[in-house]
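What follows is one structure encoded as structure tokens, with my remarks underneath.
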Amino acid sequence: MADGGELNISPDYQRLFRWSEAQRSRFIESLLLEMPVPPIYVIEQDEGTYQLIDGLQRISSYLHLRGKLEASHLDPPVKKGDMLQLVDCDIVSELNGMTFDDFPTALQIRLKRAFIRMEVVKKETDPTFKYHMFKRLNTGGDTLSSQQVRNATIRLLDAKFPDFVIELSKTGPFEECTTYLTQERKLSAFDQELVVRFFAFKNRRHLFKHDVADFLTQYMEDVASEKQPFNYEMEKEVFEKTFAALCASLGEYAFSFANRAKTNLSAGFSIYHYEAVTIGLQAVLDRIDIQNPEQIALLEQALKQAKLDPGFITSTTGGGKNSPGPLTQRIEFIATRLIDAFP
Numbered sequence: 001m002a003d004g005g006e007l008n009i010s011p012d013y014q015r016l017f018r019w020s021e022a023q024r025s026r027f028i029e030s031l032l033l034e035m036p037v038p039p040i041y042v043i044e045q046d047e048g049t050y051q052l053i054d055g056l057q058r059i060s061s062y063l064h065l066r067g068k069l070e071a072s073h074l075d076p077p078v079k080k081g082d083m084l085q086l087v088d089c090d091i092v093s094e095l096n097g098m099t100f101d102d103f104p105t106a107l108q109i110r111l112k113r114a115f116i117r118m119e120v121v122k123k124e125t126d127p128t129f130k131y132h133m134f135k136r137l138n139t140g141g142d143t144l145s146s147q148q149v150r151n152a153t154i155r156l157l158d159a160k161f162p163d164f165v166i167e168l169s170k171t172g173p174f175e176e177c178t179t180y181l182t183q184e185r186k187l188s189a190f191d192q193e194l195v196v197r198f199f200a201f202k203n204r205r206h207l208f209k210h211d212v213a214d215f216l217t218q219y220m221e222d223v224a225s226e227k228q229p230f231n232y233e234m235e236k237e238v239f240e241k242t243f244a245a246l247c248a249s250l251g252e253y254a255f256s257f258a259n260r261a262k263t264n265l266s267a268g269f270s271i272y273h274y275e276a277v278t279i280g281l282q283a284v285l286d287r288i289d290i291q292n293p294e295q296i297a298l299l300e301q302a303l304k305q306a307k308l309d310p311g312f313i314t315s316t317t318g319g320g321k322n323s324p325g326p327l328t329q330r331i332e333f334i335a336t337r338l339i340d341a342f343p
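So that you can map any letter, position 317 of the sequence shown is 317 in my numbering, and since no number is skipped, the others follow by simple counting.
As structure tokens, this is what we get:
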């Protein structure tokens, strides 16, 4: 079905494939031993095809065995034509080292005839129900980040906002300002989560209680379903000017913290600095001309002095800072300093 185009696996969902080669191999071993496996879930689409919403790890493992998998995000990457070589099969160890082409004909036939139940969600089902079902089925894996799940699931409501977030995460000034994000964080779509954080805290901070993950998910849901007003053109302009100003002033140190001596900024990234600086800057954003070198120098000076201030350091270090009070405190600290610099 997948090879013939009858089963659709969206690119964002495909990137959630995380099973190791050992896990893939043991799943194939289970099929060959005719062990029962959980069903997969699909949504019926208008053109008669199906969209996979649960069962990605199993389906992708089988596709890899048959040389039909494209998964460039894996380490090592997998491209079509690459066939899974079984490893760590602990029941039938003779399978280790074999590919599908190495199987005796009887095993190949048994595998092709292996049965996995498929549960179909009818196309007439309410889109919101489909979304919540997809989210419920795909939030149990501890190897997936919240943003990776959001990217895949929100598309069942509408793809415009997830695409918008991904687009902005690839803009030059944003990438420069987030230089010190680790590769691991980028692979888990944390850079895209930062884009969502910017809009969520800028537009709906008053509703934030404590759980950031749920807050961001709810915000994405509401924008995608148009419950939350969102002017894409205007918001893009604000985002781009925000990061253009930060890139021109502090560059890769935009979200860095004070060094141990508290005399300069260290190479690094702090989520507390990200929230405080990006949202605090909104208080004076319309007063700043990013083409004016004097204003950019003034912005750099004001932000650097704020970051090195003992009061700000206290509000952005240690635990217990992930709640409305400390969030407001650090944002207002930056906003006040910038208002003083740009009266």
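Don't be surprised by glycine CBs; every beta carbon is placed ideally from N, CA and C.
Since we're looking at a predicted model, the values are computed, not measured.
### Task
Following the continuous beta strand (DSSP E) through Q51, name the residue where it begins and the one where it ends.
Along the sequence shown, read from residue 1 onward, the residue named residue 51 stands at position 51. Where Q51 is concerned, the enclosing beta strand (DSSP E) stretches over 50-54.
### Task
Measuring alpha carbon to alpha carbon, tell me which of I43, L74, G48 ends up nearest S60.
In the sequence shown, residue 60 corresponds to position 60, counting from 1. Nearest of I43, L74, G48 to S60, Cα basis: L74.
### Query
I331: buried (16+ other C-beta within 10 angstroms of its C-beta) or exposed?
Taking the first residue of the sequence shown as position 1, residue 331 is located at position 331. Buried, by the Cβ-count rule.
### Message
According to DSSP, simplified to helix, strand and coil, what is Y180?
### Response
As a position in the sequence shown, residue 180 is number 180, starting the count at 1. Three-state result, Y180: coil.
#### Entry: Selection from K112, N151, A276 that minimises the alpha carbon distance to L65
If you number the sequence shown from 1, residue 65 lands on position 65. For the residues K112, N151, A276, the minimum Cα distance to L65 belongs to K112.
### Query
Is E44 helix, strand or coil when you go by DSSP?
If you number the sequence shown from 1, residue 44 lands on position 44. In this structure, E44 counts as strand in the three-state DSSP scheme.
### Beta-carbon proximity of W19 to Q57, cut-off 8 Å
In the sequence shown, residue 19 corresponds to position 19, counting from 1. In the sequence shown, residue 57 corresponds to position 57, counting from 1. Contact: yes.
### Query
Between S256, V120, N264, which lies nearest to G48 when the distance is taken from Cα to Cα?
Residue numbering aside, residue 48 sits at position 48 when the sequence shown is read from its first letter. The shortest C-alpha separation from G48 is found at V120.
### Length at least 4, wholly inside the region 54-106: the alpha helix (DSSP H) runs in chain order
56-65
### Task
Spatial neighbours of L265 within its chain, please: CB distance less than 6 Å, with the 5 preceding and 5 following residues excluded, ordered by chain position.
Your numbering for residue 265 matches position 265 in the sequence shown. Excluding positions up to five away in sequence, the list reads Y253, S256.
### Task
Determine, using beta carbons only, whether R155 and E275 come nearer to each other than 8 Å.
In the sequence shown, the residue the question calls residue 155 occupies position 155. In the sequence shown, the residue the question calls residue 275 occupies position 275. The answer is no: Cβ separation not under 8 Å.
### Task
Take A213 as the anchor and find which of H206, A200, S225 has the nearest alpha-carbon.
Taking the first residue of the sequence shown as position 1, residue 213 is located at position 213. Comparing Cα-Cα distances from A213 to each of H206, A200, S225, the minimum goes to A200.
### Task
State the DSSP-derived secondary structure class of L16, mapped to helix, strand or coil.
Looking up residue 16 in the sequence shown gives position 16. Residue state, collapsed to three classes: coil.
### Query
In terms of residues, what are the limits of the beta strand (DSSP E) holding E119?
In the sequence shown, residue 119 corresponds to position 119, counting from 1. First-last of the beta strand (DSSP E) with E119: 118-121.
### Query
Under three-state DSSP, which class holds Q8?
Numbered from its first residue, the sequence shown carries residue 8 at position 8. With the sequence shown as reference, residue 8 is identified as Asn, and Gln is not the correct amino acid for it. In the structure shown, N8 sits in a strand (DSSP, three-state: E or B).
### Message
Here's the rule: buried if 16 or more other CB atoms are within 10 angstroms of the residue's CB, otherwise exposed. What is K307?
### Response
Start at 1 with the first residue of the sequence shown, and residue 307 comes out as number 307. Per the 10 Å Cβ criterion, buried.
### Message
Which same chain residues end up closer than 7 Å to A335 when comparing Cβ atoms and leaving out the 5 residues on each side of it in sequence?
### Response
Position 335 of the sequence shown holds residue 335. Hits under 7 Å: G280, A283.
### Query
Alpha carbon to alpha carbon, how far is N96 from F115?
Mapped onto the sequence shown, residue 96 falls at position 96. Mapped onto the sequence shown, residue 115 falls at position 115. In a straight line, the C-alpha of N96 is about 23 Å away from that of F115.
### Integer-rounded CB distance, given that E21 should sit under 8 Å from V87
Your numbering for residue 87 matches position 87 in the sequence shown. Your numbering for residue 21 matches position 21 in the sequence shown. Confirmed, Cβ separation roughly 5 Å.
### Task
Would you tell me roughly how many angstroms separate the C-alpha atoms of D289 and I296, rounded to the nearest one?
Your numbering for residue 289 matches position 289 in the sequence shown. Your numbering for residue 296 matches position 296 in the sequence shown. Computed Cα separation, rounded: 8 Å.
### Message
If you measure between the beta carbons of S225 and D158, is that distance less than 8 Å?
### Response
Indexing the sequence shown from 1 puts residue 225 at position 225. Indexing the sequence shown from 1 puts residue 158 at position 158. For S225 and D158, yes; Cβs fall inside 8 Å.
### Beta-carbon separation (whole angstroms), T242 vs T278, contact threshold 8 Å
Your numbering for residue 242 matches position 242 in the sequence shown. Your numbering for residue 278 matches position 278 in the sequence shown. T242 to T278, Cβ: 6 Å. Contact.
### Query
From which residue to which residue does the alpha helix (DSSP H) around E300 run?
Against the sequence shown, residue 300 aligns to sequence position 300. Run containing E300: 293-308, per the alpha helix (DSSP H) assignment.
### Message
I need the straight-line Cα distance from S323 to D211, nearest angstrom please.
### Response
To locate residue 323, count along the sequence shown from 1; it is residue 323. To locate residue 211, count along the sequence shown from 1; it is residue 211. Each residue's Cα considered, the two are about 8 Å apart.
### Query
In terms of alpha-carbon separation, which member of S169, P293, N151, K170 lies closest to P162?
Along the sequence shown, read from residue 1 onward, the residue named residue 162 stands at position 162. Here the closest residue by C-alpha is N151.
### Message
Given a cut-off of 8 Å on the beta-carbon distance, is the pair N8 and L63 in contact?
### Response
Here residue 8 refers to the residue found at position 8 when the sequence shown is read from its first residue. Here residue 63 refers to the residue found at position 63 when the sequence shown is read from its first residue. Taking 8 Å as the Cβ cut-off, N8 and L63 do not qualify as a contacting pair.
### Query
Got a sec? Which residues, its chain only, sit under 7 Å from A267 by beta carbon, not counting five neighbours each side?
Along the sequence shown, one-based indexing puts residue 267 at 267. Contacts found: Y180, S256.
### Query
For A152, does the three-state DSSP call read helix, strand or coil?
On the sequence shown, position 152 is the one that residue 152 refers to. Helix.
### Query
Assuming Y272 and F164 make a contact with CB atoms under 8 Å, what is their CB distance in whole Å?
If you number the sequence shown from 1, residue 272 lands on position 272. If you number the sequence shown from 1, residue 164 lands on position 164. So it is not a contact: roughly 25 Å between Cβ atoms.
### Query
How should I109 be labelled, buried or exposed, when 16 other C-beta atoms within 10 angstroms of its C-beta is the threshold for buried?
Position 109 of the sequence shown, counted from the first residue, corresponds to residue 109. When all chains shown are included, I109 counts as exposed.
### Task
Quickly, what does DSSP pair A350 with across the bridge? List them, please.
Outside the shown range of the chain, which is 1 to 343, sits residue 350, and nothing can be said about it.
### Message
Please state whether the Cβ-Cβ distance between D99 and M83 is less than 8 Å.
### Response
Position 99 of the sequence shown, counting from 1, holds the residue named residue 99. Position 83 of the sequence shown, counting from 1, holds the residue named residue 83. Inspection of the sequence shows that residue 99 is occupied by Thr rather than by Asp. Taking 8 Å as the Cβ cut-off, T99 and M83 qualify as a contacting pair.
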